[in-house]
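Trainee:
Number of protein chains: 2
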Amino acid sequence: MSMSSTIKDVAKHAGVSVATVSRVLNNLPGYSEETKRKVEQAVKELGYQPNAIARGLVNKRTQTIGVLFPSVSSSFSSEILHGIEDVAQNHNYSIIVCNTAEDGKRTMKYLQVLREKRVDGIIFSSGVLEPEYYEAVQAMDVPLVLVATQSEFDGAPYVKVDDRKAAYDAACYLIRRGHREIAMIGGGESDLIAGRPRYEGFRQALRDHGLPLREDHVLDGGFTFEGGCRAAERLLTAAPEVTAVFAAGDEMAIAVISMAAKLGIAVPGRLSVIGYDNLKLAEMSNPPLTTVAQPLQEMGRLASEKLIAMLDNGETAFSEIVPHRVIERQTVKQRSL
Amino acid sequence: MSMSSTIKDVAKHAGVSVATVSRVLNNLPGYSEETKRKVEQAVKELGYQPNAIARGLVNKRTQTIGVLFPSVSSSFSSEILHGIEDVAQNHNYSIIVCNTAEDGKRTMKYLQVLREKRVDGIIFSSGVLEPEYYEAVQAMDVPLVLVATQSEFDGAPYVKVDDRKAAYDAACYLIRRGHREIAMIGGGESDLIAGRPRYEGFRQALRDHGLPLREDHVLDGGFTFEGGCRAAERLLTAAPEVTAVFAAGDEMAIAVISMAAKLGIAVPGRLSVIGYDNLKLAEMSNPPLTTVAQPLQEMGRLASEKLIAMLDNGETAFSEIVPHRVIERQTVKQRSL
DNA sequence: CTGAAAGCGCTTACAG
DNA sequence: CTGAAAGCGCTTACAG
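Residue numbers (full-length UniProt numbering), protein chains in the order written: chain A, 1 to 337; chain B, 1 to 337.
Below is the structure:
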């Protein structure tokens, strides 16, 4: 094939200098209509494509953003990615996806790669931003935005839901529906981002409604379907008095439903369940899952917009708490009091 | 912050030439242990990070791969992406994700961006490779690998399952389990990649077993949950005689289950269903979904490996049909004959 | 074993 | 309105 042509070829072909070609290509001022025409003609005839790498070298801008996910195949991450990618693409940025697998070594290696590749900015999704990570991005001197997580570091604005409040609302929803013996399956107290705060919100709701807090009704499902199954089995066999459970993640909620079915417990007939996230599988659940929704795609969009505003307009970004809301479907029953 | 240092700074600091620094950085021959030590020392002291953009400009290699998906938030795509990303990362390649949204304009625009950014290769996932797309990547002169799709173009090796055979096997499975009145909900005859072939396999299986082919038992669910619901509703209300349905996609299979539940039809008691794909939601289904599995993550890995073998070793890649298999869970019942 | 120099394909003062 | 030249940060013959 024809060797891909360069700006030099275009200049020669059009009978002008490379400087002039560069100007018309970049819509800078300083050339006649006539030269513009000649250049555009030459570009077309040669099928010229600018080399973004060369451009990046001089501009020190690559028009690419690095995005770090703890897992790239989860429905949770892909929704966020979708939002990020969409606005990025509209603003002429490309996305490099990085799967950290929640592994420190891998994360640091990726940060290194992103640095060498000179990405313009970084989005860090849903994990804890270790000091080590933070320092690494500080060192690369590019803006950082967090999504579905938060941190106390300066210059690390985040966009997320108020987890505590969302969990609080989930519990209140159950209480309003007449439930008194409510259990919770969460992601583990040691997870300070998505674990602990939801337990706290849950406990607070019970307290505020004068309901007794039974710690044996508060379990850890580790945010996975399997963990949710184990926790649900333990709960449902040991505590027949509970009429409702709040699972702080849809996969765990689905696990509760599955386990209930296996144990012959009707949902929502004998057991109500409310989830968290509103993943796509929530509406595909059988019965369809009532859950508190995080606007994941929108969160991705916002994070992307904030980062790009910093990049393109030098704006400073502020953290943003996005609204959650409970989506009523068919897994919660109204109990007569 | 300190301006990020360059190879020149390192050279000066170590008291050698940039050529020498480049050599030790790239493990080329030609320097004493002593200089190597000095250079490494300087690198460390300055916190030097090579600039991959500059390197890319001269090497004409960016160590990045562009991956095109029709949808980036589907469970299907994310599994493939996961596999691709994993092997890419192990071979020092980064992934730029592109969401084509199955839109021609968007796809072409992305191809253009990938060209300007000088990606080393392209993976095209699960859609039809239009001639226009093919020509665009031909013009960029980089290797291309297809995954979960195929095409007749030269130099477009693919890795996929044998859709026709997989559908054939799904139907056979149902037949072996004693079913005679079998329906199918597919993705539409006009989809030549994942639609038509599966209908063909299905029909062939019935024919080979001397079962009558009722075209009113063959519907189009468009590969979506909603489409699956509509098709299932139509089918289940109009054809009470069917005892089993093959849904050529897990989401549609789940839709059948949901619709059956809504209609008071027990699964698998009165209706058996087998899906296709083995997405994560298949095991979370209630009851757990029997389905024919495509090894999506592995397919992504293979595609990535093939592309990288072409890139790094100049190997030529061949198309590969990967094995499918039916995963038995709990939605198909054995009927006594 | 080592360095000076050209070159990758652009952009951007600077001078006219 | 236009061009010559320097420079972005590397790699790679070439010469020694």
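All C-beta atoms in this analysis are idealised placements derived from N, C-alpha and C, irrespective of residue type, glycine included.
(1) Going straight from the alpha carbon of Gly195 of chain B to that of Thr291 of chain A, what length do you get?
(2) Rounded to whole angstroms, what's the CA-CA distance from Ala156 of chain A to Ile321 of chain A? Just pull it up for me.
(3) Quick check on Thr290 of chain B - is its C-beta less than 8 Å from some C-beta in chain A?
(4) Could you check what DSSP says for Ala293 of chain A in three-state terms: helix, strand or coil?
(5) Please go through the same chain and pick out, in chain order, the residues whose beta-carbon is closer than 8 Å to the beta-carbon of Lys165 of chain B, but skip the five residues on each side of it.
(6) When the Cβ atoms of the segment 76-92 of chain B are set against those of the segment 100-115 of chain B, are three or more pairs found closer than 8 Å?
(7) Could you compute how far the alpha carbon of Lys44 of chain B sits from the alpha carbon of Lys38 of chain B?
(8) Out of curiosity, what's the CA-to-CA distance linking Thr35 of chain B and Val137 of chain B?
(9) Checking the sheet assignment: what are the DSSP bridge partners for Ala247 of chain A?
(10) Using a threshold of 7 Å, is the CB atom of Asp216 of chain A nearer than that to any non-hydrogen atom of the ligand ADP?
(11) Between the alpha carbons of Glu132 of chain B and Ala303 of chain B, how many angstroms are there, rounded?
(12) What beta strand (DSSP E) runs, 3 residues minimum, are completely inside the segment 209-242 of chain A?
(13) Within the 8 Å Cβ cut-off, does Ile308 of chain B reach chain A?
(14) Could you tell me which chain B residues have their CB closer than 8 Å to the CB of Gly56 of chain A, listed as they occur along the chain?
(15) So, is the C-beta of Asp86 of chain A closer than 8 Å to a C-beta in chain B?
(16) Between Phe225 of chain A and chain B, is the shortest Cβ-Cβ distance under 8 Å, so that the two count as touching?
(17) DSSP three-state label for Leu279 of chain B, please.
(18) Beta-carbon separation of Leu174 of chain B and Ser272 of chain B under 8 Å?
(19) For Gln334 of chain B, count neighbouring C-beta atoms within 10 Å of its own C-beta (all shown protein chains included) and say buried if the count is 16 or more, exposed if not.
(20) Closest to Arg270 of chain A by C-alpha separation, out of A:Val87, A:Ala260, A:Tyr158 and A:Tyr199, would be which residue?
(21) Taking Thr64 of chain A as part of the beta strand (DSSP E), name the residues at either end of that continuous run.
(22) So Ala261 of chain B contacts chain A; which residues on that side make the cut at Cβ distance below 8 Å?
(23) Need the endpoints of the alpha helix (DSSP H) that Tyr133 of chain A sits in, please.
(24) Exposed or buried, which one is Asp238 of chain A when buried takes at least 16 other CB atoms within 10 Å?
(25) I need the straight-line Cα distance from Leu281 of chain B to Asp162 of chain B, nearest angstrom please.
(26) Quick one: which chain B residues come within Cβ less than 8 Å of Val116 of chain A?
(27) Contact between the segment 80-95 of chain B and the segment 54-70 of chain B: three or more CB pairs below 8 Å?
(28) Pull the bridge partners of Glu315 of chain B from the DSSP assignment, please.
(29) Quick one: residues in its chain with C-beta nearer than 6 Å to the C-beta of Ala205 of chain A, no 5 flanking neighbours on either side, listed in chain order?
Mentor: Here's the rundown:
(1) 33 Å
(2) In a straight line, the C-alpha of Ala156 of chain A is about 14 Å away from that of Ile321 of chain A.
(3) no
(4) strand
(5) If the five residues before and after Lys165 of chain B are omitted, its C-beta is found closer than 8 Å to the C-beta atoms of Gly201 and His324, all from its own chain and listed in chain order.
(6) no
(7) 10 Å
(8) Taking the Cα positions, Thr35 of chain B is about 44 Å away from Val137 of chain B.
(9) A:Ile185
(10) Among the components of this structure there are no ligands whatsoever, and the ligand ADP is therefore not found.
(11) 22 Å
(12) 218-220
(13) no
(14) Ile53
(15) yes
(16) Interface residue (Cβ-Cβ distance to chain B less than 8 Å): Phe225 of chain A is classified as such.
(17) coil
(18) Less than 8 Å divides the Cβ of Leu174 of chain B from the Cβ of Ser272 of chain B.
(19) exposed
(20) A:Ala260
(21) Unbroken beta strand (DSSP E) run through Thr64 of chain A: Thr64 to Phe69.
(22) Asn286 and Pro287
(23) Looking at the DSSP string, the run of the alpha helix (DSSP H) that includes Tyr133 of chain A is Pro131 to Met140.
(24) For clarity, residue 238 of chain A is Ala in the given sequence; the question names Asp instead. Burial call: exposed.
(25) 22 Å
(26) Here residue 116 of chain A turns out to be Glu, not Val, going by the sequence shown. In chain order: Gln49, Pro50, Asn51 and Ala52.
(27) yes
(28) Per DSSP, none; premise fails for Glu315 of chain B.
(29) The beta carbon of Ala205 of chain A sits closer than 6 Å to the beta carbons of Tyr168, Ala171 and Cys172 from its chain, once the five residues preceding and following it are set aside; these are given in chain order.
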